[in-house]
Structure formats: structure tokens, C-alpha cells
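Worksheet: the structure to be examined is printed underneath.
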Amino acid sequence: MPRFVGRDREVAALGGALGKPPAVVLIDGEAGIGKSRLLREFLAAQAERGCRVVVGACPELRVPYTLGAVVDAVRDGVGSVSGLRLSGLGGALRPLFPEWAADLPPAPEPLEDATAARHRLFRAFVEVFSRLDVGVLVLEDVHWADEATLEFLLFLVSRRPQPVSVMVTYRREEVPPDSLLLRLTSRLPADAHLVRLTLKPLGIGETAAFVSSMLADDHVSAEFAAFLHVRTEGIPLAVEESVRLMHDRADLIRQDGGWARRRLDRIEVPPTIRDAMLERVGRLPHDTRTVLYAVSVLSGPADYVTLKAVTGLPEDRFTAQAADALGCGLLHEAGPGQWSFRHSLACHAVYEAIPAHERRAMHLRAGRALEGRPLQPVAQLARHFRLAGHVEASCRYTEQAADLSTQSGDVATAALMLHSLVTSLALPAEPLVRLVMKIQFQALSGSDPYSKIIDSLQSALEIQALTPEQQAPVRFQIGRVLMVAGEIEAGRLEILRAVPHLAPDALEAARARTLLALPLGNARPVSEHLRWLHEAPAVALSIAPHHRLLLSVERAFALLMLGEEAGWTAAWQIPDEPADPRAASIVAAGHTNVGEEAMRWGRYDEAGERLAKALALAERYELLDCFDSIASSQAHLDWFTGAWAGLADRAARLVNDDDRVRLKDRCEAALVAGLLQAAAGDRDEAQERLRFAGRDDQQRIEAAAALAQLCLRDGDVDEALRLTEGPSESTVGTGIWPRAVEVTPVRVAALVAAGRLGRAADLVTAFEHAVGDKDAQAPQASLVLCRAILAQAEGRLTDAAALFADAATAWEGLPRPYDALLAREHHAHCLLADGRHEAGLPVLSDVLRGLSALGAHNDADRVARFLNGRGWDTQARGRGRPSYGDRLSPRELAVARLLVGGRTNREIAEVLVVSTQTVASQLKSAMRKLRVTSRTALAIRVVELGLTGEQGRSPAADE
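So for the sequence shown, the numbering used here puts the first residue at 467; every next one is plus one.
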């Protein structure tokens, strides 16, 4: 049951009313607004104070039974009239309460006057209330009450003294114009103590609190609360049912410590609301339903003339039924002469109930009607003609609407309109290609905006009779979208088939060759990629400026990926500010891509600056896809530069959001998560993340290098060789050195471990030749590291120590602290192997402090064990974070103790105020140190060692 929120004022008013009995309380509100909940919560408190209340409800029946709600209230609230000593009036109740026949007085003589008989019955009810000391009669939904019940209410409130307080709830919009209820609300005696309450919807903050109470009081994101409030208008029942539906369909996700929805777009109509709405609409005459259908098709405020045109009804029938539709309570006057549904969920429910053929016809009539306006609403026209299936008109108006949206800076809406059109209608090839060209995928949300586009393009190829020249632009678009979606080789094949038939000076001809120049997918020599780039023809002078910008951005990206320093000259031509909104996504993507390549080259300051520029543009122009791309790239950069605080949680959020975040961004985040887990010692989880990261072409080489590094640490040299063979060939072997930075040192180490020193030396030479004297700090540092590994294997310890020291210095200059510390560790081991203990041990001690401070606990433990084995007191030296060797750290001990107490990882995380990932990492570390392989075995081992201590006590963080 959700928390009772947002009704403090109403509860206070009810309390004030019943504090001065007898009162008449009228509670008005639409369906689902919370009238019953308000009464239930308030009356529960009244019962605790000893006030006797009887409650009845008027059911929605075609023929209500006489006084049914009053009878039910008395029967449920009284139980028995035995011992009440009722007067002869009580006999009048016999027909209504046959089960009380033994306790009621004899039936009185029948009265010929029906009014007098009813008056006698009413007095009998009042006597029962008096004998039972009933203080309040509550009747709900009295808009459905029978006439006798309403007469009884009028009888009660007009008597002096008024025998009981009366509380009723009703929906104003469903009260018939001739109902006696209107007399109750407008013609009470002058001395009546009247309280009127009209319940309002919940506000955004109240909606958030309401939803939070349904989700274990966890935080609800402001964006989700606002979205839900807009879609449900704050109607509590609609909010509750919508959240339950989203929860049942796994549409709610944990994000930033709270709850959010996977997709913030249109909300589905909950079945309970849909069924109630359709039952209500189904009772209306056919022409009245037609009017409601038309209002739902127009989806917004509709004027008389437009609405009549959409219904297709003759003037006389429309006039009569329009009045009935407006009076049925579902519509309201949104402005002078403007009608719309009171609630969007009701509008959606009615719209979904329209038969498909009738819906298409109404959309076509709507489009024709709106076309006649002096100022055409092109966005509405685009929608109506698209849903009517009218190809020519939908293309024309969608393109106009998208262009207007883009010119106003709303590229997200433009992309969505174009995407909706090309994926829902079978368009001719020429407009299809033109519209797909205009879609800015960076502005679309969702994890896969590509598949339906590709299906539409492929369908055009299969169904339409096209010449090779007509097919070529379609194939190019298929290939381009496939490559963007990560299907590199399939995309390249389509582009290769298109190239011979593309017009030489066409934009597609230049873009096709630039895309083929990108060193993605299967290995090809760098010369082949450069040939494609150099063959890209000059485009016609008529090409639009934003298309020229796109070409220059793609060319800069290709040059940088290929290791050409000319790429930086091209990258510096990318503007910081786009000339118009259409260019915004091109510039943002350009800065993001250059930032990625700056990381590969080791230009981390420039990478950070480029990502910051991209983020500013994404925020300004609402480039939805860019946010995740920038976030994953920033996480990658933070891994390199040692900004690890909170990095694991940021990466995990991206990886786990498989509905909203695109695969390429999830893979980059998974790479970062896997690298962090490997450094922490979570080998199994690291492998899982790294294998997932390898699904994206941009991350597969670095992921393979990280997996091979884990294999080398485990002594599995053969697997390390297998993992690095292909990536090494596709980078160093092809001359594409920017992608070789991470894999080449691991490949050299694997070859050395296998005793293949000659092959290792050849690889180092090839890497050196590929990099040359390029101004690329990361590859140059990687090359020095490769030389150091080779020198150590060849027994040249003095040279190896110096080279490892040089590599560490080079990594530090980027900065890349983790790699610098690992290089320092190798430097120290070379010194020790060379007999220089007095120099090597202090270096290792410094490395230990650095690794501990960084959070690389697995590496820190390894160094600490080595130092402890050499008699070096790792806890007495320096100010760094201590290593506990094979002993549990205070935090690991606290986690283990809570595990002994039977707590789950989540419960442990809540007690210690850490993430569940941290708990899992510390449990794995504890299992490793105590040499057990399961949680149960760990708990038993902790008990056996007498380490249980004070379970649940939260220690200070390990220092």
C-alpha cells in the first residue's frame, strides 16, 4: 500500500468538521483521485477515538436497488439489532433486513401513501442510528445512488436536530443534471454545518514521495517523478497502477542510488484504468463514441470545425452527439471552443480502442482538415498523414517539421520524427535515402535505433525495382548504419558494393571512401586504408556546409586512427561552436571521437578538453546518445589517469543499463569495469566484463590485452598467446600503431614466457618501426616498456632496470599512475635480481603505497607479500594505505562478520555504507586470504579462527 501523501489539509478539514457535529461533508473528486483512501485513513483515526461510523457505497448498477448503500452500511456496521428495544417503527425495516426478522418488531400496517411509507422507513433508520449511537454515516460514490438513497440523505440533513453527521463522496462530472444530489449540495438548511472538499491531484514532490513508498522508500529520480506526474496528471490511482505495470515489466531500474524508468517516453495505459475507461465508453451511443474517438485522434485541444471533420458525421448528428460527449465527464473545455480529454491516460485508452481501419480514416480526415489552415501545423500534419499511411504527404510534412525543429535547436525531436516515419512506412528509395541521411542518431534515445532503419533500407532493395545506380545510395546507407551499429564487416561489404555505382562528385562517394579508410573490423594494411582516404573525391560545390563539415570531421578521425599526424591539423579545424543546430551533433561527435583518439596517442589533457566541449554541446542541444558516449569515454580516460574514485559505480551504471545505453558505450564502460576489477583481484568478474567489452570493435583489442594479462598472472601462457595473436597482427602487423599501445607489451611478455625471445624481439622492432618518432606519448611509453621486458628476459638486468625506470617516468608524464607503478615494480625486481637490495626494496615500498592509495588492492597485496617475505615491515613505513598480507583488513573483517550473521551483499553494503561491488570485492579478497572458495566456507573459517567479534559494527575505513 503506497504511503498516504498530499492530503494534510483535507484531513485537518475533516477533523474540524467532525469536531463540531453534526456536520455535512461533501467530498468531490474525479475517479482515482483518492476519495476512498482519504476517508479510510481519516475514519481509522476516528474509530480509535470511539466515534461509531457506518460506511456504505453506491455500486455502479444499471438499475440500483432501493436504499442499497444505506442498507449495506447498517448491515456491515451494526451486525445485530438484538437488544436495541426498537419501537414499532423498527418493523418497517423487515423487508430490507430479513435476516433480522427474529429481532425486529412486527411489520406495521401498510400505508397507501408511498411518501408516508418512505418517511416511516427513514424514521426507522434514524431510530437504529440513535440506539446504536452512530455518529457518522458515510456513503461513497453517491453520483450512482438511487433516488431513495438521495431522498434519505436530504431527510437526514434537513431534520433538526440533525441525527448524524453525513459524509458523501461523488464525482461532479458524473452527476446527472436532474439528480437530487444537486439539492444536497446547493439547498441545505441555513444553519447546516457544511464542509466542501474538492480533491486535487498530487504535485510532483508528492508524486515522488508516493512512488518512493512503493519502492521501499528508495529515492526516485526527479526526472522520473516529473515524467510520471505529467503522464498521470498526479492522479494517485493512475500513478500507482502505472508504477506497478512498469515494475511488473521490469521497466524500472536502479540509477544514481534511486529509481528511474528505462525510457522516458510515452507511458502505457495500465490495464485497470484501460478496462474501466473502455467499459465507460462502451455504454455510450455509437455517434458519441465517434466524437470521443476523434478527440483522441487529434490528441490535443480540438475546435468544433476540425472535430466535426474528423468524425465524418453529418452536421445534425455531430451537434447532438458533441454535446453528449462533452457532458459524459471524459472531456473538458481546454479553452474557448477547444475540447480535449481531461487526462492523457484516458485519451490513450480510447485511442487504442479505435478499430485500425477507422483510426487510419480519422487520421486522414484530420490531415485534410488541418491542411486548410492558413498557418499549417506541419508537425501535426506529419503525424496524421504518417498514421494514415499516406506516403507522399507524410514525407513532405515530416521533412518540413524536422527542418523547423532542427533550425530551432531541437535536433532530438527532428531525429525522432524522421526515425518514426522511415521505420513505419514503406517509402520509395529516393525519399527514404534522403530522410535517413537527415537522421542524427546522436539525438535518439534507446539502445538500438539502428535495426529498424536497416530493415527499412533492405526492404526497399528487395521490393522496389531499382537500377544499380539507384541501389547504390541505399546500399551506402545500409553500410553506414551497420558500421555505426557495430556491424563493421557487414557494413564494409555493403559500402564496397555501392562504391562503383555512386556518382563521382556525390557526397556519398566521398563518405563511402572515408568510412572504408577507418581501421575497424578485420586486419588490413595501413596502406590500404590510406589509399581509400586519398581516393576520396572532391564533392560538388552545391554540397551543404554541414555536409562538408561532416566530411572533414570523419577525415580527421580516420587520419588519427591510422596514426597520421596530419589528423591533428584536421582535428584543429573542428569548430568549438557549431554554425547552426544541424551541425551541433557533427561537432559534438567530432570532439568525442578526437578525444578517444587523443587517449590512444597519450594526449590526455586534450582528450579531457575535447570531451568537455562535446558534453557542453550535448547538454545545449539535447543530443541524447552523446551523453553515454561521452560518459564512457570519460570513464576510460579516468582509468588511465588514475581518477578512480567512484569510477566503478559510474562504469557499472552504464554497463547495466542495457535498454537505454548503446552497445558500444556499454562495452567501453565494461572495459573500464573489468580493468578495475582485475586490479582489485576480482578475477572472475573481471573476465566476464572484459569478454563483454570485446563485443565492440573499438574495445576488443584492449579487452583482449587485459584478458591475456590475467592469463599470464595465472601462468596460462598458451591462452595469453592465443588472445594476443590476432590483435597484435591487426595493429603492429598492419602498421596501425595507435591501437597497439595496450596489447603489444602483453604480447611481448607472453612470447617471452613461452621462450620465444626471437619472435618477441621481432615484434618490438616492428612496433618501433611503426611508431617511429611520432609525437605520441602513450605508444612511445609502451615501446620503452616492451624493450624493458625483452631486456629482462635476455638477462640484461642493468639495462632492464633502467628501461623500466624510463617507462615509469614516461607513464607518469601522461599521467598514467597505475602503469607507472607496475613499471616501477618491475624496475625494483630487476634491481633485486641484480643484487642491489638496498635500492630495490625502498622502491617496492613506494610502489606498495602508491598501489594502495590508488585502490589496486590485488597488486598491493602481491607487493606486500613479497616485501613481508623479505622481512620488510610494510605497516611501519610511510603514510600510505597499509597492506595486511594474508591477514584480513578491518573492512574485510567487518564484511566477513556480517556474512557470518547471515546478511546478503546488499544488506552488508547498507550497514557499512559502501557499494555492493565493494562488498563483493572484499569478500573475494577475504576468501583468497583464508584460502576458501565459497561464502559458506568463509563464514565457517571466520568462526573457527575466532574472528567473529562484534558483528555489525562499522569500522573506520582501512587506512
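Quick reminder that beta carbons are idealized off the backbone N, C-alpha and C, glycines included. In this text, all values refer to a predicted model and were calculated from it rather than measured experimentally.
**Prompt:** Would you say glycine 987 and arginine 946 are within 8 Å of each other, going by their C-beta atoms?
**Reply:** no
Should alanine 513 be labelled buried (16 or more other beta-carbon atoms within 10 Å of its own) or exposed? exposed
Worksheet item: Is the region 765-775 in contact with the region 793-810, if contact means three or more CB pairs nearer than 8 Å?
Response: Output reads yes: the region 793-810 touches the region 765-775.
Review point. Anyone know if the C-beta pair for alanine 1427 and leucine 1141 falls short of 8 Å?
Key: Residue numbering for the chain in the displayed model covers 467 to 1425; residue 1427 lies beyond these limits and cannot be assessed.
Item to complete: Inspect the CB distances between the region 1238-1246 and the region 1063-1074 and report whether three or more fall short of 8 Å.
Response: yes
Among Glu824, Leu982, Leu898, Glu1151, which has the Cα closest to the Cα of valine 950?
Measuring from the Cα of valine 950, the nearest candidate turns out to be Leu982.
Q: Mind checking who methionine 633 pairs with in its DSSP beta bridge?
A: Val491, Val604
| request: Note down, in chain order, each residue of its chain lying with its Cβ closer than 7 Å to the Cβ of proline 487, except the 5 sequence neighbours on either side. | output: Gly601, Ser631
For this session: Determine the burial state of arginine 1353: buried for a count of at least 16 other Cβ atoms within 10 Å of its Cβ, exposed for fewer.
Result: exposed
Where proline 1348 falls, given that 16 or more other Cβ within 10 Å makes a residue buried = With a pLDDT of 49 at proline 1348, under the threshold of 50, the modelled position of this residue cannot be trusted; read the value that follows with caution. So proline 1348 ends up on the buried side.
_What does the Cβ neighbour count give for threonine 1264, buried or exposed, with the cut at 16 atoms within 10 Å?_
Burial state of threonine 1264 is exposed, judged by a 10 Å Cβ sphere holding fewer than 16 other Cβ atoms.
inquiry  = Here's the rule I'm using: 16 or more other beta-carbon atoms within 10 Å means buried, otherwise exposed. How should aspartate 474 be labelled?
reply    = Label assigned to aspartate 474: exposed.
Should isoleucine 961 go down as buried or exposed, given a rule of 16 or more other Cβ atoms within 10 Å for buried?
buried
- Shortest alpha-carbon distance to cysteine 898 belongs to which of Arg852, Ala926, Glu639? Residue identity check: residue 898 is leucine in the sequence provided, not cysteine. Measuring from the Cα of leucine 898, the nearest candidate turns out to be Ala926.
Beta-carbon gap between alanine 848 and alanine 867 smaller than 8 Å | yes
query: Measuring CB to CB, does valine 1313 end up less than 8 Å from leucine 1297?
result: no
CA-to-CA distance, proline 821 to aspartate 731, given in whole angstroms
Its pLDDT being 48, under 50, aspartate 731 is placed unreliably by the model, and the measurement read from it follows with that caveat. Cα-Cα distance, rounded: 24 Å.
**Message:** Spatial neighbours of phenylalanine 588 within its chain, please: C-beta separation below 6 Å, excluding the five flanking residues on both sides.
**Reply:** Spatial neighbours of phenylalanine 588 in its own chain (CB-CB distance under 6 Å, excluding positions within 5 residues in sequence) are listed in chain order as Phe618, Phe621.
*Tell me whether glutamate 799 sits in a helix, a strand or coil according to DSSP, three-state version.*
strand
* Whose C-alpha, out of Leu1365, Thr1275, Asp869, is nearest the C-alpha of valine 844? -> Asp869
- Message: Please tell me whether, using a cut-off of 7 Å, the distance from the CB of glutamine 1246 to the nearest non-hydrogen atom of the ligand NAP is below it.
- Response: The ligand content of the structure shown is nil, which means the ligand NAP is not present either.
query = alpha helix (DSSP H) containing leucine 882: first to last residue?
reply = 877-890
Which complete beta strand (DSSP E) runs does the region 746-832 hold, if anything under 3 residues is left out?
797-801, 804-807
query = Alpha carbon to alpha carbon, what distance is there between alanine 791 and valine 757?
reply = Looking at the two C-alpha atoms, the distance is approximately 7 Å.
Legend entry - Closest residue to alanine 969 among Ser678, Gly1368, Pro939 (Cα-Cα distance): Pro939
Inset, instruction - Leaving out five residues on either side along the sequence, give the residues of the same chain with a beta carbon under 6 Å from the beta carbon of leucine 577. - result: The answer, listed in chain order, is Ala583.
| query | Using the beta-carbon count (16 or more within 10 Å), is glutamine 873 buried or exposed? | reply | exposed
Check the DSSP bridge columns for valine 520 and list the partner residues they point to.
Valine 520 is bridged to Leu603.
Does the beta-carbon distance from alanine 1215 to leucine 1178 come in below 8 Å?
yes
Check: Should arginine 1357 be labelled buried (16 or more other beta-carbon atoms within 10 Å of its own) or exposed?
Finding: buried
**Message:** I'd like to know if the region 517-526 and the region 607-616 are in contact, where contact means that at least 3 CB-CB pairs between them fall below 8 Å.
**Reply:** yes
- Query: Do you know offhand how far arginine 941's Cα is from glutamine 930's?
  - Reply: 13 Å
- Task: Give the DSSP bridge partners of valine 661, in chain order.
- Result: Val491
When burial is assigned at 16 or more other CB atoms within 10 Å of the CB, is methionine 1027 buried or exposed?
Methionine 1027 should be labelled buried.
Going by beta carbon distance, what residues of the same chain come within less than 6 Å of valine 572, once the five residues before and after it are set aside?
Valine is not the amino acid found at residue 572; the sequence shown has proline there. Closer than 6 Å at the Cβ level, and outside the excluded window around proline 572, lie Gly557.
(Q) Just to confirm before moving on: does the CB-CB distance between proline 1041 and alanine 1050 stay below 8 Å? (A) no
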